[in-house]
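Structure first, commentary second.
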Amino acid sequence: MTSIAQSPAWQALGRHCQLVQSQQLTALFAADPGRAGRMQAEACGLVLDYSKNRLTDDTLRLLLQLAREAGVAERSRAMFEGERINVTEGRAVLHSALRAAPDTALMLDGRDVVADAAAVRARVAAFAERVRAGQWRGYGGEAITDVVNIGIGGSDLGPLMVCEALKDLAHPRLQMHFVSNVDGVQLDDVLRQADPRRTLFIVASKTFTTQETLTNAHAARRWLVAHAGDERAVARHFVAVSTQADAVRAFGIDADNMFGFWDWVGGRFSLWSAIGLPIVLQIGAEQFDALLAGARAMDAHFRSAPPEANLPLLMALIGIWNIDFLDAPTQVIAPYHQRLHRLPAFLQQLDMESNGKSVRADGSPVGCHTSPVIWGEPGINGQHAYFQMLHQGTRFAPVDFVGVLEAPAERADAARIAFANMVAQAEALMRGKSAAEVEAEMRTAGIGADRIAQLLPHRSFAGNRPSNTLLLERLDAPTLGALIALYEHRTFVQGVVWGLNSFDQWGVELGKQLAARVLEDLDAPADRHAHDGSTAALIARYRRQHPKQG
Ligand code: G6Q
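Here our numbering = 1-based position in the sequence shown + 632.
Laid out in structure tokens, this is it:
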């Protein structure tokens, strides 16, 4: 396989980039009154304005040609139809089947995966309804008030992000908690204020072998049994979500309290499966179905909308343009709604774990840059922190501004201020502020010529910094579902163009193996394993702080 960088469209984009690079966005707008209207696309309650990117109609034409040459449509069909596109693990990639219309069927290894997903979803819904109705009771006979999801990575970030985003729909009695860190602090913080008689633990782990999750799950179990004084309490307070029924049973959780999913669901794509149990508990099965319906609508849009109006395709191609041609090393996610505060962390995993790779699916070098560093925080806070670098740093970082149009009446005024800030920042990044403007401003303020000359370079902004603005008509379950699916497909398309397998994660697997050797040596009087000088010294320093008793 040859690298996409050898393809005719890529080569043409390289040449075209020479022309576009020197152009100012403000000049492109001035020369073309139709630009903003043309460079907008809308679907599933989402509006994308991509006009503030450093590209022209020719760029888009070449990028769409690139997508054709990379076979995006064919690969997408292969994914949706259940081909084993995750070649290193020999697995299909079917998170879309988890949200497929109930009257469709998709056969994989002789099973209808849509029907299997629906059956688990029905069990999840029934269980969640009992908890929400106060019929599922703890060992003391009381209704559950606190739910603790113990999981990490894909078994944490998706449900956490969605539960935060849809908090306005939360069940009034249920408080959700998420514990992922193994250091004990996060779990202690939750347990300190939890009532064991009213707390439900969800142990969420696809493999049920992850050290962090199992350590926390065992600690939570000890806490519960110590309070209850009876092992049998575990059955009332622990449920599991996993693909590994035997390991769940070995932990002591009954099959009745386990909700399964399948190896064709990648961790970072799993919130649509039983991993979404915390979401169902928080917002109810009906709203969870609405979340799935929103994602399903985006799946349909991605599969059928014309390329020039296709949101995931456009966002993916613009990302590739920024990363590979304009040389942007990072991508900022700046949500302007507090409820979306975990979106950057979720997208960081989705994108960096999927496309943070250097070789193509066939093992050959990829030959171009892949996943950028994805980072961000709520934009309004960022304005008082990292936006300085966005405006005046030596590297540029494209931004996805994510805003919400509708707000409840009681928050409308405050929401308008947030929205104004978002639009103003996108405008400022593009426009910049010329030396002439700064000079005139300072003259009007009565500042002397010497001082003006001194301050001019500091107070000028070069501008021409690109961004997308993505508007949600409202922050509800269907629109959020569509937003997540949009980013999933954006990630997928980029992986296809780069020729990657976006669905394995050997770097994560490495992390799962590494700690065991060091852990063994921390407890030993001397190293049993060979380490480099730095690692050995750090282990020795730890041992000095924790001398063995007796
Ligand atoms: C996701 C990754 C990774 C995984 C965690 C937790 O795509 O594979 O983030 O979700 O390592 O794994 P378990 O769910 O198996 O505990």
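Every residue, glycine too, gets a C-beta built ideally from N, C-alpha and C.
Legend entry - For Asn1096, three-class secondary structure by DSSP: Asn1096: coil per DSSP, three-state reduction.
Inset, instruction - Output yes or no for whether 8 angstroms exceeds the beta carbon distance between Pro1098 and Lys684. - result: Result yes, Cβ atoms of Pro1098 and Lys684 sit closer than 8 angstroms.
Legend entry - Burial state of Asn585 (16 or more Cβ within 10 Å): Outside the shown range of the chain, which is 633 to 1182, sits residue 585, and nothing can be said about it.
Inset, instruction - Classify Glu1142 as buried or exposed, calling it buried when 16 or more other Cβ atoms lie within 10 Å of its own Cβ. - result: Per the sequence shown, residue 1142 should be read as Leu rather than Glu. By the neighbour-count rule (16 or more Cβ atoms within 10 Å), Leu1142 is not buried but exposed.
Inset, instruction - Could you tell me how far apart the beta carbons of Leu945 and Ala699 are, in whole angstroms, since I believe they sit closer than 8 angstroms? - result: About 6 angstroms separates the two Cβ atoms, so the contact holds.
Inset, instruction - Identify, in the order they occur along the chain, each residue of the same chain with its Cβ nearer than 6 angstroms to the Cβ of Met671, setting aside the five sequence neighbours on each side. - result: Counting only residues of its own chain and dropping the five nearest sequence neighbours on each side, Met671 has a CB closer than 6 angstroms to the CB of Tyr682, Ser683.
Inset, instruction - Run the proximity test for Arg900: is its beta-carbon closer than 7 angstroms to any non-hydrogen atom belonging to the ligand G6Q? - result: Under cutoff, so the answer is yes.
Legend entry - Extent of the continuous beta strand (DSSP E) to which Gly1035 belongs: Segment 1031-1036, the beta strand (DSSP E) holding Gly1035.
Inset, instruction - Report yes if the CB atom of Ala749 is closer than 8 angstroms to the CB atom of Ala729, and no otherwise. - result: Yes, Cβ-Cβ distance for Ala749 and Ala729 is below 8 angstroms.
Inset, instruction - Please confirm whether any heavy atom of the ligand G6Q lies closer than 7 angstroms to the CB of Gln981. - result: Yes, Cβ of Gln981 sits closer than 7 angstroms to a heavy atom of the ligand G6Q.
Inset, instruction - Report whether the distance from the Cβ of Ile965 to the nearest heavy atom of the ligand G6Q is below 7 angstroms. - result: For the ligand G6Q, not one heavy atom lies less than 7 angstroms from the Cβ of Ile965.
Inset, instruction - Check whether the Cβ of Val871 lies closer than 7 angstroms to any heavy atom of the ligand G6Q, and answer yes or no. - result: Result no, Cβ not under 7 angstroms from the ligand G6Q.
Inset, instruction - Answer yes or no: the CB of Gly786 versus the heavy atoms of the ligand G6Q, is any distance below 7 angstroms? - result: Checking every heavy atom of the ligand G6Q against the Cβ of Gly786, one is found closer than 7 angstroms.
Inset, instruction - Determine the DSSP secondary structure at Trp642, reduced to helix, strand or coil. - result: Three-state DSSP puts Trp642 in a helix.
Legend entry - Nearest-angstrom beta carbon gap, Val1036 and Leu975 [assumed within contact, 8 angstroms]: Contact between Leu975 and Val1036 does not hold, since the beta-carbon distance rounds to 12 angstroms and is not under 8 angstroms.
Inset, instruction - On a CA-only basis, which of Ala1041, Ala1117, Val756, Gly1064 is nearest Ala929? Give me that one, please. - result: Of the candidates Ala1041, Ala1117, Val756, Gly1064, the one whose C-alpha sits nearest the C-alpha of Ala929 is Ala1117.
Legend entry - Touching by the beta-carbon criterion (3+ pairs, under 8 angstroms), the region 862-878 and the region 819-839: At 8 angstroms Cβ cutoff, the stretches touch.
Inset, instruction - Ignoring anything shorter than 3 residues or poking outside the region 875-912, list the beta strand (DSSP E) runs there in chain order. - result: Whole beta strand (DSSP E) segments, 3+ residues: 890-892.
Inset, instruction - Rank Ile636, Ile915, Gly995, Thr875 by C-alpha distance to the C-alpha of Trp896 and give the top, closest one. - result: Nearest to Trp896 by alpha-carbon distance, out of Ile636, Ile915, Gly995, Thr875, is Thr875.
Legend entry - Same chain, Cβ closer than 7 angstroms to Ala927, five either side skipped, listed in chain order: These residues qualify, in order along the chain: Arg731, Trp904, Gly1113, Ala1114, Ile1116, Ala1117.
Inset, instruction - Examine the Cβ distances between the region 1133-1141 and the region 952-963 and report whether three or more of them are shorter than 8 angstroms. - result: Taking one beta carbon from each stretch, the region 1133-1141 and the region 952-963 have fewer than 3 pairs nearer than 8 angstroms; the two do not touch.
Inset, instruction - Assign Glu674 to one of three DSSP states: helix, strand, or coil. - result: DSSP, read as helix, strand or coil, puts Glu674 in strand.
Legend entry - Asp878 classed as buried or exposed, judged by whether at least 16 other C-beta atoms fall within 10 angstroms: Exposed, because fewer than 16 other Cβ atoms sit within 10 Å of the Cβ of Asp878.
Inset, instruction - Would you give the residue range spanned by the alpha helix (DSSP H) that Phe833 belongs to? - result: Run containing Phe833: none in the alpha helix (DSSP H); it sits in the beta strand (DSSP E), 831-836.
Legend entry - Inter-residue Cα distance where the pair is Leu801 and Leu972: When rounded, the distance between both Cα atoms is 14 angstroms.
Legend entry - Rounded separation between Ala737 and Glu713 - CA only: When only Cα atoms are considered, Ala737 and Glu713 end up about 10 angstroms apart.
Inset, instruction - Within its chain, find whatever has a CB closer than 6 angstroms to the CB of Thr1101; leave out the 5 residues flanking it on each side and keep chain order. - result: Within the same chain, and ignoring the five residues on either side of Thr1101 in sequence, the residues whose Cβ sits closer than 6 angstroms to its Cβ are Asp681, Phe1033, Ala1058.
Inset, instruction - Look up Thr658 in the DSSP assignment and say whether it is helix, strand or coil. - result: If DSSP states are grouped into helix, strand and coil, Thr658 belongs with the helices.
Legend entry - Any non-hydrogen atom of the ligand G6Q closer than 7 angstroms to Thr720 Cβ: Using a cutoff of 7 angstroms, the CB of Thr720 does not count as near the ligand G6Q, since none of the ligand's heavy atoms is closer than that.
Inset, instruction - Determine the burial state of Pro1157: buried for a count of at least 16 other Cβ atoms within 10 Å of its Cβ, exposed for fewer. - result: Classification for Pro1157: exposed.
Inset, instruction - Using three-state DSSP, classify Thr1111 as helix, strand or coil. - result: In this structure, Thr1111 counts as helix in the three-state DSSP scheme.
Inset, instruction - Taking only heavy atoms of the ligand G6Q into account, decide whether any of them is closer than 7 angstroms to the Cβ of Val998. - result: Val998 Cβ: outside cutoff for every heavy atom of the ligand G6Q.
Inset, instruction - Indicate the three-state DSSP secondary structure (helix, strand or coil) for Arg992 in the structure shown. - result: Looking at Arg992 - three-state DSSP - the assignment turns out to be coil, as it is neither helix nor strand.
Legend entry - Residues near Asn889 in its chain [Cβ-Cβ closer than 7 angstroms; skip 5 each side]: Excluding its 5 nearest sequence neighbours in each direction, Asn889 has C-beta neighbours in its own chain below 7 angstroms: Ala867, Phe870, Val871, Ala872, listed in chain order.
Inset, instruction - Leaving aside the five residues before and after Gly1182 along the sequence, list all residues of the same chain whose C-beta is less than 6 angstroms from its C-beta, in chain order. - result: With a pLDDT of 47 at Gly1182, under the threshold of 50, the predicted position of this residue should be treated as unreliable, though the coordinate-derived value follows. Around Gly1182: no qualifying Cβ.
Legend entry - Inter-residue spacing [alpha-carbon to alpha-carbon] between Arg1173 and Ser812: Distance between Arg1173 and Ser812, taken at the CA atoms: about 27 angstroms.
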